[in-house]
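Below: one structure, written as structure tokens.
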Amino acid sequence: MLKDLLKDHNIILASGSPRRQQFFKDLDLDFSIQLKEIEEVYPENLEAEEISDYLALLKSKAFTDLNTNDILITSDTIVWHKNKALGKPKNLDEAKKIIASLSDDTHEVITSVCFKTVNEVKVVHHTTKVTFKKLSKEEIDYYVNTHKPLDKAGAYGIQEWIGFIGISNIEGSHFNVMGLPTHLVYETLITLATS
């Protein structure tokens, strides 16, 4: 099992996301959490997974003092819709506008994960296509006013009420939309542990 393969490694998760932290617990991995503040700015010419790849890698660059048995994991999730990246909303009004723009349409949720050791840096990503039904103004208002959309890319959490009632189709990993392509993380950690 992966836990046994990694017994001589220190997994460092550089994420304040409670959802990502829970995924690592649910994957039955021993890990520590280390956070460093970085300004999440990317070149304007980047698109789709180029953005999340760049930001996941950027986050890893803040960690310069890894030990030989450390595996640092950083990640970034974006919502890509109509050739534009949708980040976290600044306020509730913006959250409502973002969700209204996703209503009755399909968007992509892209999560990139960077694995960094003293010897190598590897970035992987997964894209999930999510389709919302036509959401009413009342449904959007209810969700934004009763949940916490401000800490989520695209202003929604698939694991919350809006995901239960609003998503009519999904292609790709469900967990990826929550912030981590768990199957890719598992496969990549096996590769790192056995190489």
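Going by numbering that gives the first Met the number 0, the sequence shown opens with residue 0, and the numbers climb by one from there.
From the three backbone atoms N, C-alpha and C, an ideal C-beta is built for every residue, glycine too.
Values in this document were obtained by computation on a predicted structure and should not be read as measured data.
If the criterion is Cβ atoms closer than 7 Å, does the pair residue i and residue j meet it?
i	j	result
A152	G86	yes
N9	D52	no
K95	I139	yes
V129	I169	yes
K35	A55	no
H125	P180	yes
K136	S167	no
L26	V123	no
G178	T76	yes
A84	I37	no
Take the Cβ of residue i as the centre, count every other Cβ of all protein chains shown within 10 Å, and call the residue buried at 16 or more, exposed below.
i	result
H0	In the sequence as presented, His is not what sits at residue 0; that position holds Met. So M0 ends up on the exposed side.
K58	buried
T110	buried
Y155	buried
I32	exposed
F163	exposed
D7	exposed
T127	buried
P17	exposed
S194	exposed
V117	exposed
K121	exposed
Quick one: measure Cβ to Cβ for residue i and residue j, integer angstroms, because I've assumed they're closer than 8 Å.
i	j	result
V143	V108	Not confirmed; about 19 Å, so no contact.
I11	I72	7 Å
I98	L134	7 Å
L28	L4	Incorrect: roughly 10 Å between the Cβ atoms, too far for contact.
If we define contact as Cβ-Cβ less than 7 Å, is residue i a contact residue for chain D?
i	result
I77	Reference to chain D is not applicable here, since this structure consists of a single protein chain.
Where in the stretch 111-167 do unbroken runs of the beta strand (DSSP E), each at least 3 residues long, occur, reported from the N-terminal end onward?
120-131
Three-pair Cβ contact test at 8 Å for the stretch 53-68 versus the stretch 86-100
no
Inside the stretch 64-94 only - beta strand (DSSP E) runs reaching at least 3 residues:
69-79
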